[in-house]
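Below: the structure, in structure tokens.
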Amino acid sequence: MYDLRPHFEEEVELGTNLLLTGPPLSGKRSLMLDMLADGTDHGDGAIIVTTKDGGERVLKDYAKRTPYEGKPVAVVDCVTRQQGVSDPGESDRIKYASSPVDMTGIGIKLSEFLQAFGDRGIDRNRVMVHSLSTLLMYSDLQTVFRFLHVFTGRIQSVNGLGLFSIDSTAHDEQAMNTIKQLFDGVITLSEDDEAEIRLA
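Numbering (our numbering), first residue to last: 61 to 260.
Spelled out as structure tokens, the structure:
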């Protein structure tokens, strides 16, 4: 089980994928980073797929939450190459997809990190994707749905915990309902209320 405290009084099964939905600035990214940092403190692997901020910035934010040197923390950066940085150079910490459209690349980089962590004997991993809204900006709903079907399945198959954020104001109801089908639960954030979790 993955313990979601102190954020929620819930434990979820291994292989659970959760969708965090809410308007911009409702704290989705911050909550996901906190939930990953809790895992890092207990020896879980952490993999952050970022479609909004460069990998270096994400790691800087992560370091404010937990000291991660020597721990299994990694970033799949879908931003830096798209901004025209020719060869940022990959490391044990950061791997690069060419852009948020490169969903095959994103999947491959995730698998490489999961493999590397597995080789180190780490069998519990928390994975976050920020944000699905960026993927939907660049690709159609069907393409993103197919990608997520495979991606959530991969997390399930390795007994991970998947956290995915989406901007609830940027997509119509049909798109939101389509995406929600793929998840085991939804965490709803609003600008003023407490975050609410509903598990399927």
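Virtual Cβ for every residue (Gly too), placed ideally from N, Cα, C.
Buried/exposed call for residue i, threshold 16 Cβ in 10 Å
{"i": "H231", "result": "buried"}
{"i": "L307", "result": "Because the chain here runs from 61 to 260, residue 307 falls outside it and cannot be looked at."}
{"i": "Y145", "result": "In the sequence on display, residue 145 carries Val and not Tyr. When all chains shown are included, V145 counts as exposed."}
{"i": "G149", "result": "exposed"}
{"i": "L85", "result": "exposed"}
{"i": "R258", "result": "exposed"}
Delimiting residues of the alpha helix (DSSP H) encompassing residue i
{"i": "M163", "result": "M163 to D179"}
{"i": "F211", "result": "L201 to S217"}
{"i": "I239", "result": "E233 to K240"}
Heavy atom of the ligand MG within 7 Å of residue i beta-carbon
{"i": "C138", "result": "Ligands in the displayed structure: none, and consequently the ligand MG is not present."}
Three-state secondary structure assigned by DSSP to residue i
{"i": "M92", "result": "helix"}
{"i": "M188", "result": "strand"}
{"i": "T229", "result": "coil"}
{"i": "G99", "result": "helix"}
{"i": "L196", "result": "helix"}
{"i": "R258", "result": "strand"}
Segment limits, beta strand (DSSP E) that includes residue i
{"i": "I182", "result": "I182 -> no beta strand (DSSP E), and no H or E assigned at all."}
{"i": "L64", "result": "Note, L64: premise wrong, no beta strand (DSSP E); not H, not E."}
{"i": "L44", "result": "What is shown of the chain runs 61 to 260, which leaves residue 44 out entirely."}
{"i": "G87", "result": "Looking at the DSSP string, G87 is not in any beta strand (DSSP E), and its letter there is neither H nor E."}
Check whether the stretch 205 to 220 touches the stretch 68 to 87, counting contact only when three or more Cβ pairs, one atom from each stretch, lie closer than 8 Å. yes
Uninterrupted beta strand (DSSP E) stretches inside the stretch 109 to 151 (no shorter than 3 residues): For the stretch 109 to 151, the full-length beta strand (DSSP E) segments reaching 3 residues or more read 133 to 137 along the chain.
I want to know whether the stretch 128 to 139 touches the stretch 213 to 229 - three or more CB-CB distances under 8 Å. Too few Cβ pairs lie closer than 8 Å, so no.
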